[in-house]
Each structure stands twice: as C-alpha cells, then as structure tokens.
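Colleague: Following this message is one structure expressed as structure tokens.
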Amino acid sequence: MSTTTTATTTKLWGGGKSPFDVEYGKLMMWYFLMSDALTFGAFLISYGTIRFSTNGWPDPNKVFKSYPFAAEGVNAPLVFVSIMTFILIISSVTMVLAVQAGKEMKKKAVAINLILTIIGGIAFLSCQAWEWNHLHSEGAWWGMNPFLNADGSASSTNFTNYFFTITGFHGFHVLSGVVINIVMLIMTLTDQFEKRGHYLMIEKAGLYWHFVDLVWVFVFTCFYLI
Amino acid sequence: MSHTATHEDHSAEVRKEVTKVTIILSVLTVIELALGFYMMGIEAAGTRLLIKGTIVILMLAKAFYIVAYFMHLKHEVKNLIMTVCVPLCIFFWFITAFLIDGNSFRNLRNTYDPHFKAQSTIKVEKKEVEHKEAKEEKVEKKEGLQLDAPRTAD
Amino acid sequence: MSNEAVLHTHSGAHDDHEDHSHEHHEQSFISKYVFSQDHKMIAKQFLITGMVWAVLGGLMSVLFRLQLGYPDANFPWLETILGKWAKGGHITPEAYYALVTTHGTVLVFFVLTAGLSGTFANFLIPLQIGARDMASPFMNMLSYWFFFAASIVMLSSIFVETGPFSGGWTAYPPLSALGDASPGSKSGMDLWIVSMALFVVSSLLGGLNYIATILNMRTKGMSMTRLPLTIWALFFTAVLGVLSFPVLLSGFILLIFDRNFGTSFYLSDIFINGVGALPNEGGSAILFQHLFWFLGHPEVYIILLPAMGMVSEILSVNSRKPIFGYMAMIGSLFAIAILAFLVWAHHMFVTGLNPLLGSVFVLLTLLIAVPSAIKVFNWLTTLWRGNIRFTPGMLFAIGFVSLFISGGLTGIWLGNSALDIHLHDTYFVVAHFHIVMGVASMFGMFAGIYHWFPKMYGRFMNNTLAYIHFWVTIAGAYLIFWPMHYQGLAGMPRRYYDFSIWESFKQFQDLNRFISLVAMIVFAVQFCFLFNFFYSIFKGRKVLTQNPWDANTLEWTAPINPGHGNWPGEIPEVYRWAYDYGKDGVDFIPQTTPVGADESVEH
Numbered sequence: 001m002s003t004t005t006t007a008t009t010t011k012l013w014g015g016g017k018s019p020f021d022v023e024y025g026k027l028m029m030w031y032f033l034m035s036d037a038l039t040f041g042a043f044l045i046s047y048g049t050i051r052f053s054t055n056g057w058p059d060p061n062k063v064f065k066s067y068p069f070a071a072e073g074v075n076a077p078l079v080f081v082s083i084m085t086f087i088l089i090i091s092s093v094t095m096v097l098a099v100q101a102g103k104e105m106k107k108k109a110v111a112i113n114l115i116l117t118i119i120g121g122i123a124f125l126s127c128q129a130w131e132w133n134h135l136h137s138e139g140a141w142w143g144m145n146p147f148l149n150a151d152g153s154a155s156s157t158n159f160t161n162y163f164f165t166i167t168g169f170h171g172f173h174v175l176s177g178v179v180i181n182i183v184m185l186i187m188t189l190t191d192q193f194e195k196r197g198h199y200l201m202i203e204k205a206g207l208y209w210h211f212v213d214l215v216w217v218f219v220f221t222c223f224y225l226i
Numbered sequence: 227m228s229h230t231a232t233h234e235d236h237s238a239e240v241r242k243e244v245t246k247v248t249i250i251l252s253v254l255t256v257i258e259l260a261l262g263f264y265m266m267g268i269e270a271a272g273t274r275l276l277i278k279g280t281i282v283i284l285m286l287a288k289a290f291y292i293v294a295y296f297m298h299l300k301h302e303v304k305n306l307i308m309t310v311c312v313p314l315c316i317f318f319w320f321i322t323a324f325l326i327d328g329n330s331f332r333n334l335r336n337t338y339d340p341h342f343k344a345q346s347t348i349k350v351e352k353k354e355v356e357h358k359e360a361k362e363e364k365v366e367k368k369e370g371l372q373l374d375a376p377r378t379a380d
Numbered sequence: 381m382s383n384e385a386v387l388h389t390h391s392g393a394h395d396d397h398e399d400h401s402h403e404h405h406e407q408s409f410i411s412k413y414v415f416s417q418d419h420k421m422i423a424k425q426f427l428i429t430g431m432v433w434a435v436l437g438g439l440m441s442v443l444f445r446l447q448l449g450y451p452d453a454n455f456p457w458l459e460t461i462l463g464k465w466a467k468g469g470h471i472t473p474e475a476y477y478a479l480v481t482t483h484g485t486v487l488v489f490f491v492l493t494a495g496l497s498g499t500f501a502n503f504l505i506p507l508q509i510g511a512r513d514m515a516s517p518f519m520n521m522l523s524y525w526f527f528f529a530a531s532i533v534m535l536s537s538i539f540v541e542t543g544p545f546s547g548g549w550t551a552y553p554p555l556s557a558l559g560d561a562s563p564g565s566k567s568g569m570d571l572w573i574v575s576m577a578l579f580v581v582s583s584l585l586g587g588l589n590y591i592a593t594i595l596n597m598r599t600k601g602m603s604m605t606r607l608p609l610t611i612w613a614l615f616f617t618a619v620l621g622v623l624s625f626p627v628l629l630s631g632f633i634l635l636i637f638d639r640n641f642g643t644s645f646y647l648s649d650i651f652i653n654g655v656g657a658l659p660n661e662g663g664s665a666i667l668f669q670h671l672f673w674f675l676g677h678p679e680v681y682i683i684l685l686p687a688m689g690m691v692s693e694i695l696s697v698n699s700r701k702p703i704f705g706y707m708a709m710i711g712s713l714f715a716i717a718i719l720a721f722l723v724w725a726h727h728m729f730v731t732g733l734n735p736l737l738g739s740v741f742v743l744l745t746l747l748i749a750v751p752s753a754i755k756v757f758n759w760l761t762t763l764w765r766g767n768i769r770f771t772p773g774m775l776f777a778i779g780f781v782s783l784f785i786s787g788g789l790t791g792i793w794l795g796n797s798a799l800d801i802h803l804h805d806t807y808f809v810v811a812h813f814h815i816v817m818g819v820a821s822m823f824g825m826f827a828g829i830y831h832w833f834p835k836m837y838g839r840f841m842n843n844t845l846a847y848i849h850f851w852v853t854i855a856g857a858y859l860i861f862w863p864m865h866y867q868g869l870a871g872m873p874r875r876y877y878d879f880s881i882w883e884s885f886k887q888f889q890d891l892n893r894f895i896s897l898v899a900m901i902v903f904a905v906q907f908c909f910l911f912n913f914f915y916s917i918f919k920g921r922k923v924l925t926q927n928p929w930d931a932n933t934l935e936w937t938a939p940i941n942p943g944h945g946n947w948p949g950e951i952p953e954v955y956r957w958a959y960d961y962g963k964d965g966v967d968f969i970p971q972t973t974p975v976g977a978d979e980s981v982e983h
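Shown next as structure tokens:
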C-alpha cells in the first residue's frame, strides 16, 4: 500500500517506464540535436565574436546580390536567398506531413511526402552549390575575400571564412539529412515499417530535418540580414 | 506511444495546424525580408540596430514555431520540454560573454594598436571594385603589414 | 516503453546468460570480448584501455620530471628508448614539450574522461538502475571503438618524424594552428586533432546513451530520488559532456581550417622567423581560448563528478550510515553542473579579458565553493560516528575527500582574478589542478575499482598490496604537489624546460629533485596496483556471497558473475532509496526489500 502511494505521487518518474512517454531513440535524437545546436551555436557565436572585434564588416546586400541566369552585374540582394529559405521551409512542411502520415500508417502518403522532402533538400543543395560557385568566381573562398567593408575600407578574410565554413557545415547537415531521408524512403517502400507496425524512425528523421531548417533560420539571419 | 490516434478529425486538426504554422513562418520570413530591404537605404546606426534587433526577435519567433509545432515539442510531456529548453539557457551567457569580450578586444586594439586602428580607416578608392583590383589591394595591404610585422613580434 | 520491451528489440537475438548458457548458442570470442555489446564488457574495455594510457601518461611524467629534477645529468638509457629525442641521454626541449603535452592530453581525456566515466558509467548505470543493458548497446559499442580509434591515432602521433604535438594540452593557436611554429605543430598536430575529433564522437555517443538510459530505463520503483548518488553524478557528467564537447569540436573545425585552408579564425599579425609575415590576419587567438575553455571547464567536472558520485556511495556503504544530506548532494551536483558552464573564462584572466567581464567570472567561480563545501561537509558528516570499515576502496574514498579539500581551497585563490595575475601559469596552478582534478579523480577511480572489482570479476583484489598502494600514493601525492605551491608562489613558471639558468629559481633545484624522486616512487608503486588487478582477475580470492560489502544497491542483487541481461529472472523492483544503513537497528536494508509495516517511509 505504501508503494501505491508512491506510485501516484511520482507516477512519471517512478521507474519502469519512460518519464517522458517516448522511446529512447527519440530521446537520444532530441539530446543529440541539443548537442548539435551547441556546435552550430559555437560557430555562429565565434562569427559574432570576430565581427564584434573587427572594425568594419562587408554589407551582405552588396555581396549576395545575384541569382542564376541573371545578367552580369545585376543588383538583386536577398532575392536568391529568400528562394532558398522558402525551399527549406516547404521541405520542412512536407516532412511534417510525412511524419503525420506515418502516424496514421499511410504508406503511400509517407512515400510521396518523403520524395517531396528529398526534392526540396536537393533543390536547396543545388542553390547553395550555385551560390558557392558564383562567389568563388568572384574571387571569394576560404582565405580570399574580394569584398570591401561597408564603409569602403579593406575587409579581413574572416567574412568569407565564416560564410563558407558555416554554410558548408549546414550544407553538410542538409546532405546527411537527404541521405537519411532516402534511406527512410527505401525502408518505407520495402515495407520495413509496415512489418514493424510503426513509423517511429520517420519521426526521428523528421526531427533531424526540422533541425536543419531551424539552423538555416539562424544562418540566414546572421549572414544575409544583419 | 500516445500519439498513434488515427481518427480522421485528429488528422484534419494536425493538417490545419501545419497549414497555420506554414503561413505564420512565411509571413515572418516576408517581414524579415521587407525589413532587410528597408534597412538598405538607412545609414543611421541607431535605426539599423533597432531593425536588426527586430529581425533577431522575428528569427526567434520562427525558431519557436519550428521547434514547437514542426518538431512537435509543444505536444510532448512537459518534463521533456523542460529538459530540452532549460539546458539551452546556457546560450544566454555563452553569447553575452563571447560578444562582450569580442567587443572589448576591439576597443583594446583600437586604443593600443595604432596600426590596427589606421588600417580600418583607409578607404579603398573605388566603390564598385572588380575582384582583381580588390586582390591587388590585398596584396598591397599584406606588404604594408610585412613592414610593420616585426613590431608585433618584438 | 518498458525495459523488457526495449531489451527484446535489441538483445533478444543473442541473449546469453552465463548461468544457463547451454540453452543459448555460444557467443564467439569476437562478439563476446571484442565487438561486445554487453555494457559490462564495454566497461572493462574502457578500463583496461584507460589503464594502458595511464601507464603511458605516467611514464611520460616520469621522463620530464627526470629533466626537471636532474637538468645536468645524462641518462644514456634515455637515448636507447627515445632515440634522437634524447641525444646523449638528455631529453631535448622539443621532446620535453611533447611529453608534457601528451601527458596532459592523455591523462585528461583518455584516462580520466574515457577511462573513468567510460568505465563506471557503462558498468554501473544498468546495474544500479536495474536495466538489462544500455538503451542502445550498439551505440555503446561504437562509443568504445571510436575511443579506441582515437587512442590509436594519438599513439601513432608519438611516432611521427616530427614528433607529437608539443604546444600544451590546451592546443592554443598559433602553436597549434601553424605548422611552421614548432616541430610538433606539423603532422603531430594533425594526428592530435583527428584523435580528439574521434574522441568527441566517442564521448557524444556514450553520453547520449547514458542520459537516455538513466531517464528511460530505471526499473519499477526506481524513482530519480531513489537513485544511488553514483548514478546522479554520472548523469550530470553525461549532460556536461553532451553540451560542452560539441563546442570543442567547432573550435577544432575552425582550427583545421586555419591549419590547412589559409583561413585566419585564430590568426592575426603573425611573423615567423625565416618565413616572414603571414597573410593571415583579422582573427583572434583569444577566440580559441574561449571555445576551448567552454569545453575545458566543464571537462574538469566531467572528470571530477564521477569520482564524487562513487566516493559518496563508497563512504556511505563503508561507514554503515546513510549518506548525509542526500538531496543536498544531488542539489550540489546540479549546482556544480550549471556553474561549470558559466565560469570558463577564469582560465583566461591574463589574456586581456575585459576586467568587468572578468569580475563576473570571478563571482561565478567563487560560487562553486558553495556546492563543493556542501559536498565536503556531507562526506565528513557521513563519516562522523560511522562504523567505518577501512577497505581499500574506503581508504581511497577518504583520500579523495582529503585531496579534494586541499586542492579545492587553492581553487579559491586562483578564482580571484587579482591573485591569478600573480599565480597564473606558475607551479601553483600545476599543484592546484593536479591535486583537485588529477590525483583526486584518480583516487575516485581507484576507490571505484577496488570497490566494484568483486562485481566486475567475481574475485577480490589483494588487500595488503592495496594498502601499500594507497599509503604510498597518498603520501606521494602530497609530497609531490604540496611543495609546488611554494614554488608557484615564488613565481616559478610552469612548462619551462630548465630552471637552473635562472638565478631566482636555482634555490628550488633540490626541491625539484625531491619531487622527481617521489614521482618516480609513486609511479613504481602503481605497478603494485596493476599487478594486483591483473593477478586478481585470474587468481584472486573468489567472491562467495552475492553481496560482499553488505550494500543496498541493486548491482549486488545480481548473480556474482552477471551474464548478458544482468538478472537471470525478472528485474528486481525497488521499494526504497539506496541508503538505508543502520535504520531501526538493522545494519542494511537492500533497495529490493519492501517497506515493512512498522517502518516509516522516507524515500
């Protein structure tokens, strides 16, 4: 009888079950994402620190101002990157739908939404590849910065250093997210989740994919807007 | 798992929520972009800072919607929400301390390193430089540095 | 999701209880001892790898102490083992720095992080919370093998032509960022960084597993406030690791770019002899220090907390008294874990840190004294009027408390920025962190090994050898590090190759020789322990009862040699906290005993 009183007071934490009502894999994914958030956080904070300790900084609007198939010397800041941002948001939405379809055990809907998500991811990566290539053709790379500070003085290479490192690291995450999603798609199509009776793996892949989207929100703001 | 409810109305509810969040995220992004465009024409440092602050707040709002709804955190058990959110509070001090020290480092150098200060006031002549010229500028700058460099090695 | 369900998804296929293994197919040597997914075997793998590294790291300290103690003497045998690094039997400056660096890296990361929390988190978490295994045995195995890979890479860095990295375990740029800066900054540093990156992955895989296991897989009735303090400590250790190692990883990635791709994250205004001024500019070397110490400070608690947890448990068991202030112990662990993240820049007071910011860091640093003092007083009051059994584990636990007090008090000195400006980078710092973090945690580790050896191998270690080991080590630890405080107060800087050329430090020549001598004796005595350990695995006195220490925790309800899955039948259910010693006149009441009718429930 004493155990029953304890069981009611500390029901969640009493042991013998998960206090959060989630399986360990999802818990681990959450904590992994927290840890990854600190990786990205450290990158972005380093970027901020260097920017705070430097006298001038290039104006992003004068750097990121072109888009594919544009005329030479076009001045269209923020246009291309907003397309990239929307691609990632939409792919996140399709991922939510895939996860939801998984919960409802609708195999076909899962597959379709996963394919859309993968297309979104590849589209984002292609955009990024174009942008990198374009900047590279302008002479920007790790250790090379052709752009001037906003006030017209010479800029240190750290603008491009951080841009390529952080967007590269984010791109690497997108790439691994796409690979994970392709694996999920194959597992869906080969009925592996149907056999297991649940689509919990998709949920974890979804968490990762949304995290990639989340990071882009920060990268986008830090590099293109402010 | 508690979320395996397969009722049609539940499903419709989720879809409605997803649509709502998608619209919110899009609107926030559009506002951010609009602020970005608006900021281009503004020179006053104070106003720029204000706009940047607004953009950061919008960024955090977007992050909230992604984490809460797309990543489903809002519908998890409260304890899970706490274990994810509370440790991330270290970011406050992480960001504050790093940026304060970065800023202080710049002030130190501006005060005690005349070369550092002077370097940042030299305007590179042309506004719209071809990248080749910019590279030449860099080379020149490096040579200038070389002359001064032994001073820092002392 | 219940523990049983989790287990069946993982290990149902190759369940192997030693008691009735004839019912199951035999595991091959490879899957049982090498690529094992059993947490107990992985723990032993971590422990033995850690011991190998401890011997290597200790040997390195003996070698550079030889240089410090006898700067003028020649030891021809050194040339035999070190070759060109000890031309004419005299360690070269490059070799000296390489030894110091590798000693620090190896001891901090490989021995006291992987060897300590890797061993005991793996071994104790499932056994003490009542789980069949870790949440993900496969990731657990990967965690060990990433650590193993890191070990191999680090080991190979010792043998490269230009020598291992020699810029200090903190790897500050520019020494770590520029290959031209020193011989050790060349391929030795590349290997160092690769090794550390692998290590971060290993610690992340392990840490996620520990957290998920402790939260999700406690047996029925094992609420968080019934957990033994070891588990709480290991839990906070894992949290610290998961949140701080990624920052180090980011710092290393930027460092790799600086080394190989012409960036200047950490480089500014560099002029190298013979090369000239470098084009890299605009970065800040201080940034690396910030990123490094954002990990580095939590890291010292990653090292210390498991020792604290094990000591709490061992002190309580061997005093036959409940731990004093159980909730205060958890609270102070929690406070230490939080403060660990807020105080990193106290390692950087002399870098030109903003003084205002520095004063905040001083305040936060000194706050750590509060939870530390709570813990110390709770340990002492646990001992107070206890019916103490001086087992080897208990002796080492008491030794830990002693060392933690003496080393912790000097931390209050160093935490003051005004004092730190004088004491920074002197032997005072060396003495402080060796006592409080190095030797104290080693004592925690020894305590844990002596205490849980019967559970690990089903045999006892030899007590006589253990007593010799303890008394020589504790006396030696104080004799080595206590005098260093005086040297440090006199301004003797750390990391110097030869003090005999300084008029002001010549007076310490005899003292240095004394320290070196004691260091060698202490190192030699560790072989007592090693012999004892390996001999006892095979020939030690057999454990005949399930619960040789009369302890309450769950691991002692498992069979003497627990098989895969830990408990042959049902997982035991828990009815009380882990510290019912001497309650109502009963010597001890295991956690599995239901609460009696006339007994008051406290936990």
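Chains as they are written, first to last, in the numbering used here: chain B, 1 to 226; chain Z, 227 to 380; chain D, 381 to 983.
Note that the Cβ used here is the ideal one computed from N, Cα and C, for glycine as well.
For residue 599 of chain D, return the contacting residues in chain B, with the cut-off set at a CB-CB distance below 9 Å.
Modeller: On the third sequence, position 219 is the one that residue 599 of chain D refers to. Residues of chain B passing the Cβ test: 15 and 16.
Colleague: If you follow the alpha helix (DSSP H) that residue 955 of chain D is part of, which residue opens it and which one closes it?
Modeller: Counting from 1 along the third sequence, the entry for residue 955 of chain D is found at position 575. No alpha helix (DSSP H) holds residue 955 of chain D; DSSP gives it neither H nor E.
Colleague: Which parts of the stretch 899–964 of chain D are runs of the beta strand (DSSP E), unbroken and 3 residues or longer, counting only runs that do not cross its ends?
Modeller: You should have 961–963.
Colleague: Give a yes or no on whether the C-beta atoms belonging to residue 527 of chain D and residue 582 of chain D are separated by under 7 Å.
Modeller: Looking up residue 527 of chain D in the third sequence gives position 147. Looking up residue 582 of chain D in the third sequence gives position 202. In this structure, residue 582 of chain D lies closer than 7 Å to residue 527 of chain D by Cβ.
Colleague: Just list the alpha helix (DSSP H) runs in the stretch 667–742 of chain D, keeping only unbroken ones of 4 residues or longer that don't cross its boundaries, in chain order.
Modeller: Counting only runs of 4 or more, we get 706–720.
Colleague: Compare the Cα-Cα distances from residue 218 of chain B to each of Z/275, Z/281 and Z/244 and report the closest residue.
Modeller: Taking the first residue of the first sequence as 1, we reach residue 218 of chain B at position 218. Cα-wise, what sits closest to residue 218 of chain B is Z/281.
Colleague: Excluding the 5 residues preceding and the 5 following residue 643 of chain D in the sequence, name in chain order all residues of the same chain whose CB lies nearer than 6 Å to its CB.
Modeller: The count along the third sequence starts at 1 and reaches residue 643 of chain D at position 263. Excluding sequence neighbours, residue 643 of chain D sits near 637.
Colleague: Applying the 10 Å Cβ sphere with the 16-neighbour rule, what's the burial state of residue 461 of chain D?
Modeller: Indexing the third sequence from 1 puts residue 461 of chain D at position 81. Burial call: exposed.
Colleague: Using a Cβ-Cβ cut-off of less than 7 Å, give me the residues of the stretch 643–667 of chain D that come near chain B, in sequence order.
Modeller: Answer set for the stretch 643–667 of chain D: 643, 644, 645, 661, 662, 663, 664 and 667.
Colleague: Need the endpoints of the beta strand (DSSP E) that residue 878 of chain D sits in, please.
Modeller: Sequence index remark: in the third sequence, residue 878 of chain D carries index 498 (1-based). From DSSP, residue 878 of chain D is part of no beta strand (DSSP E); its letter is neither H nor E.
Colleague: Which residues in chain B sit within 8 Å of residue 637 of chain D, going by Cβ to Cβ distance?
Modeller: Residue mapping note: residue 637 of chain D aligns to position 257 of the third sequence, counting from 1. 142, 161 and 165, listed in chain order.
Colleague: Give the single residue among B/200, B/78, B/171 and B/37 whose Cα lies nearest to the Cα of residue 125 of chain B.
Modeller: Taking the first residue of the first sequence as position 1, residue 125 of chain B is located at position 125. Residue 125 of chain B has its Cα closest to that of B/171, out of B/200, B/78, B/171 and B/37.
Colleague: Taking a contact to mean a Cβ-Cβ separation below 7 Å, would you say residue 727 of chain D touches residue 741 of chain D in this structure?
Modeller: For the purposes of this step, residue 727 of chain D is taken as residue 347 along the third sequence, with counting starting at 1. For the purposes of this step, residue 741 of chain D is taken as residue 361 along the third sequence, with counting starting at 1. Taking 7 Å as the Cβ cut-off, residue 727 of chain D and residue 741 of chain D do not qualify as a contacting pair.
Colleague: To which residues of the same chain is residue 239 of chain B closer than 8 Å at the C-beta, ignoring the five residues directly before and after it?
Modeller: Residue 239 of chain B is absent from the structure shown; chain B starts at 1 and stops at 226.
Colleague: Step through the CB atoms of chain Z and report whether any lies within less than 7 Å of the CB of residue 722 of chain D.
Modeller: Mapped onto the third sequence, residue 722 of chain D falls at position 342. So yes, residue 722 of chain D belongs to the interface.
Colleague: Considering only DSSP beta bridges, list what residue 98 of chain B is partnered with.
Modeller: What you label residue 98 of chain B is simply residue 98 of the first sequence in a count that begins at 1. Answer is none; residue 98 of chain B lacks a bridge partner.
Colleague: Closer than 7 Å by beta-carbon distance: list the chain B residues that pair up with residue 602 of chain D, in chain order.
Modeller: Position 222 of the third sequence, counted from the start, is the residue given in the question as residue 602 of chain D. Within chain B, the residues near residue 602 of chain D are 15.
Colleague: Would the stretch 14–28 of chain B count as touching the stretch 125–136 of chain B if we require 3 or more Cβ pairs under 8 Å?
Modeller: Verdict: no, contact absent.
Colleague: How long is the line joining the alpha carbons of residue 662 of chain D and residue 191 of chain B, rounded to whole angstroms?
Modeller: Here the question's residue 662 of chain D lines up with position 282 in the third sequence. Here the question's residue 191 of chain B lines up with position 191 in the first sequence. Their backbone Cα atoms lie some 55 Å apart in a straight line.
Colleague: What would DSSP say about residue 550 of chain D, mapped onto helix, strand or coil?
Modeller: Here residue 550 of chain D refers to the residue found at position 170 of the third sequence. Looking at residue 550 of chain D - three-state DSSP - the assignment turns out to be coil, as it is neither helix nor strand.
Colleague: Between residue 552 of chain D and the rest of its own chain, which residues show a CB-CB distance below 7 Å, the 5 nearest in sequence each way excluded?
Modeller: As a working note, residue 552 of chain D is residue 172 in the third sequence. Same-chain partners within the cutoff: 665, 668 and 669.
Colleague: Go ahead and pull the three-state DSSP assignment for residue 639 of chain D.
Modeller: Taking the third sequence and counting its residues from 1, one reaches residue 639 of chain D at position 259. Residue state, collapsed to three classes: helix.
Colleague: At the level of alpha carbons, what is the spacing between residue 627 of chain D and residue 930 of chain D?
Modeller: Indexing the third sequence from 1 puts residue 627 of chain D at position 247. Indexing the third sequence from 1 puts residue 930 of chain D at position 550. Approximately 43 Å, taken between the alpha carbons.
Colleague: Specify the secondary structure class of residue 74 of chain B as computed by DSSP and reduced to three states.
Modeller: Within the first sequence, the letter at position 74 stands for residue 74 of chain B. In this structure, residue 74 of chain B counts as coil in the three-state DSSP scheme.
Colleague: At the level of alpha carbons, what is the spacing between residue 267 of chain Z and residue 149 of chain B?
Modeller: On the second sequence, residue 267 of chain Z is found 41 positions in, with the first residue counted as 1. On the first sequence, residue 149 of chain B is found 149 positions in, with the first residue counted as 1. Rounded to the nearest angstrom, the two C-alpha atoms are 16 Å apart.
Colleague: Counting C-beta neighbours from all protein chains within 10 Å, is the total for residue 69 of chain B 16 or more, i.e. buried, or is it exposed?
Modeller: Taking the first residue of the first sequence as position 1, residue 69 of chain B is located at position 69. It is exposed - the Cβ of residue 69 of chain B has fewer than 16 other Cβ atoms within 10 Å.
Colleague: Considering only residues of the same chain and omitting the five flanking positions on each side of residue 299 of chain Z, which have a CB-CB separation below 7 Å?
Modeller: Along the second sequence, read from residue 1 onward, the residue named residue 299 of chain Z stands at position 73. Excluding positions up to five away in sequence, the list reads 293, 307 and 310.
Colleague: To the nearest angstrom, report how far apart residue 356 of chain Z and residue 142 of chain B are at their CA atoms.
Modeller: Here residue 356 of chain Z refers to the residue found at position 130 of the second sequence. Here residue 142 of chain B refers to the residue found at position 142 of the first sequence. Unreliable positioning characterises residue 356 of chain Z in this predicted model, as indicated by a pLDDT of 46, which lies under 50. The coordinate reading is nonetheless provided below. When rounded, the distance between both Cα atoms is 19 Å.
Colleague: Taking only beta-carbon positions, decide if residue 327 of chain Z is within less than 7 Å of chain D.
Modeller: What you label residue 327 of chain Z is simply residue 101 of the second sequence in a count that begins at 1. Yes, because at least one Cβ of chain D sits closer than 7 Å to the Cβ of residue 327 of chain Z.
Colleague: Measuring CB atoms only, is the stretch 476–493 of chain D touching the stretch 535–550 of chain D, in the sense that at least three cross pairs come out at less than 8 Å?
Modeller: Result yes; three or more Cβ-Cβ pairs closer than 8 Å.
Colleague: Just checking: is the beta-carbon of residue 158 of chain B within a distance shorter than 7 Å of some beta-carbon in chain D?
Modeller: Start at 1 with the first residue of the first sequence, and residue 158 of chain B comes out as number 158. Interface residue, yes.
Colleague: Taking the alpha-carbon of residue 616 of chain D as reference, which of D/635, D/651 and D/718 has the nearest alpha-carbon?
Modeller: Translated into positions along the third sequence, residue 616 of chain D becomes position 236. Selected option, being the one with the closest Cα: D/718.
Colleague: Under 8 Å Cβ to Cβ from residue 623 of chain D, same chain only, skipping five residues before and after it: list those, please.
Modeller: Position 243 of the third sequence holds residue 623 of chain D. Taken in chain order, the residues that qualify are 678 and 721.
Colleague: Compare the C-alpha of residue 602 of chain D against each of D/448, D/659, D/429 and D/934 and name the closest.
Modeller: For the purposes of this step, residue 602 of chain D is identified with residue 222 of the third sequence, where counting begins at 1. Measuring from the Cα of residue 602 of chain D, the nearest candidate turns out to be D/934.
Colleague: Relative to the alpha-carbon of residue 129 of chain B, which residue among B/168, B/49 and B/159 has its alpha-carbon at the smallest distance?
Modeller: Within the first sequence, residue 129 of chain B is the residue found at index 129, counting from 1. Checking every option, the nearest Cα to that of residue 129 of chain B belongs to B/168.
Colleague: Would you call the CB atoms of residue 285 of chain Z and residue 221 of chain B closer than 7 Å?
Modeller: Here the question's residue 285 of chain Z lines up with position 59 in the second sequence. Here the question's residue 221 of chain B lines up with position 221 in the first sequence. Yes; because the gap between Cβ atoms is below 7 Å, this pair is in contact.
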